[in-house]
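Q: Quick one: structure below, then a few questions.
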Amino acid sequence: MTLLFIFDMDDVLYDFDWHSRMAALTSLTGLSLEELRERWWNRGGESAAEAGHFGSAEEYLAAFNAAIGHELSEDEWLSARGGAMTVFPESIAAVQRASELGQVTLLTNNGPLTAKHLRTLAPELAPVFGDHLF
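Following the working numbering, the numbering of the sequence shown begins with 7 at its first residue and continues without gaps.
Dropping the structure here:
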């Protein structure tokens, strides 16, 4: 029997500072935090992404940009997202130990743009999880 260990990314393997991400996005767009929240998060854009509504990173970014009324580049979006992430080394060590005992898998509800760039945003994950990043 093989053991299966399933991990999440945000607030498990990485500290995710949502306020830092919002500060970066307000700086890039000139919109207030309240306006950003209203245009994307409160109107269900991110919930739709987490539910798999957007079939590609490009579709997600287009919807995000349309909702906020600003044309962020993929690199700008990634910079804001990645700048809000700090690895928990102890958690990565726990995943490494779990991988010695069974199969480890990352299962995250982040949308397709994060998925497309997961190995760049979270470089510590690929060596431990291999192709089991979902």
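Glycine is no exception: its CB is placed at the ideal position from the N, C-alpha and C atoms.
All figures in this text were calculated on a predicted structure; none of them were measured in a lab.
Can you tell me where the alpha helix (DSSP H) holding VAL101 begins and where it ends?
A: The residue labelled residue 101 in the question sits at position 95 within the sequence shown. Taken as a continuous stretch (DSSP letters only), the alpha helix (DSSP H) holding VAL101 covers 95–107.
Q: Based on Cα-Cα distance, which residue from ILE74, SER79, GLU56 lies nearest to GLU64?
A: Taking the sequence shown and counting its residues from 1, one reaches residue 64 at position 58. Selected option, being the one with the closest Cα: SER79.
Q: Using 9 Å as the threshold, is the C-beta distance between THR111 and HIS138 below it?
A: In the sequence shown, residue 111 corresponds to position 105, counting from 1. In the sequence shown, residue 138 corresponds to position 132, counting from 1. Yes.
Q: In the DSSP assignment, find the unbroken alpha helix (DSSP H) run with ASP81 in it and report its ends.
A: Taking the first residue of the sequence shown as position 1, residue 81 is located at position 75. Annotation for ASP81: the continuous alpha helix (DSSP H) segment containing it runs 80–88.
Q: Who are the near neighbours of LEU42 in its chain, counting only those whose CB is closer than 8 Å to its CB and skipping five residues on each side?
A: Within the sequence shown, residue 42 is the residue found at index 36, counting from 1. If we look at LEU42 and ignore the five residues flanking it on each side, its Cβ neighbours are MET28, LEU31, THR32, THR35, ILE74.
Q: Are THR8 and GLY136 close, meaning C-beta to C-beta below 9 Å?
A: By 1-based counting over the sequence shown, the position of residue 8 is 2. By 1-based counting over the sequence shown, the position of residue 136 is 130. Taking 9 Å as the Cβ cut-off, THR8 and GLY136 do not qualify as a contacting pair.
Q: Quick check on the DSSP output: what are the complete alpha helix (DSSP H) runs of length 4 or more inside the segment 32–59, in order along the chain?
A: Here the runs fully enclosed are 39–42, 51–56.
Q: Is VAL134 helix, strand or coil by DSSP?
A: In the sequence shown, counting from the first residue as 1, residue 134 sits at position 128. VAL134: helix per DSSP, three-state reduction.
Q: Assign LEU113 to buried or exposed, taking buried as 16 or more other Cβ atoms, counted over all protein chains shown, within 10 Å of its Cβ.
A: One-based indexing of the sequence shown puts residue 113 at position 107. Under the 10 Å beta carbon count, LEU113 is surrounded by fewer than 16 other beta carbons and is classified as exposed.
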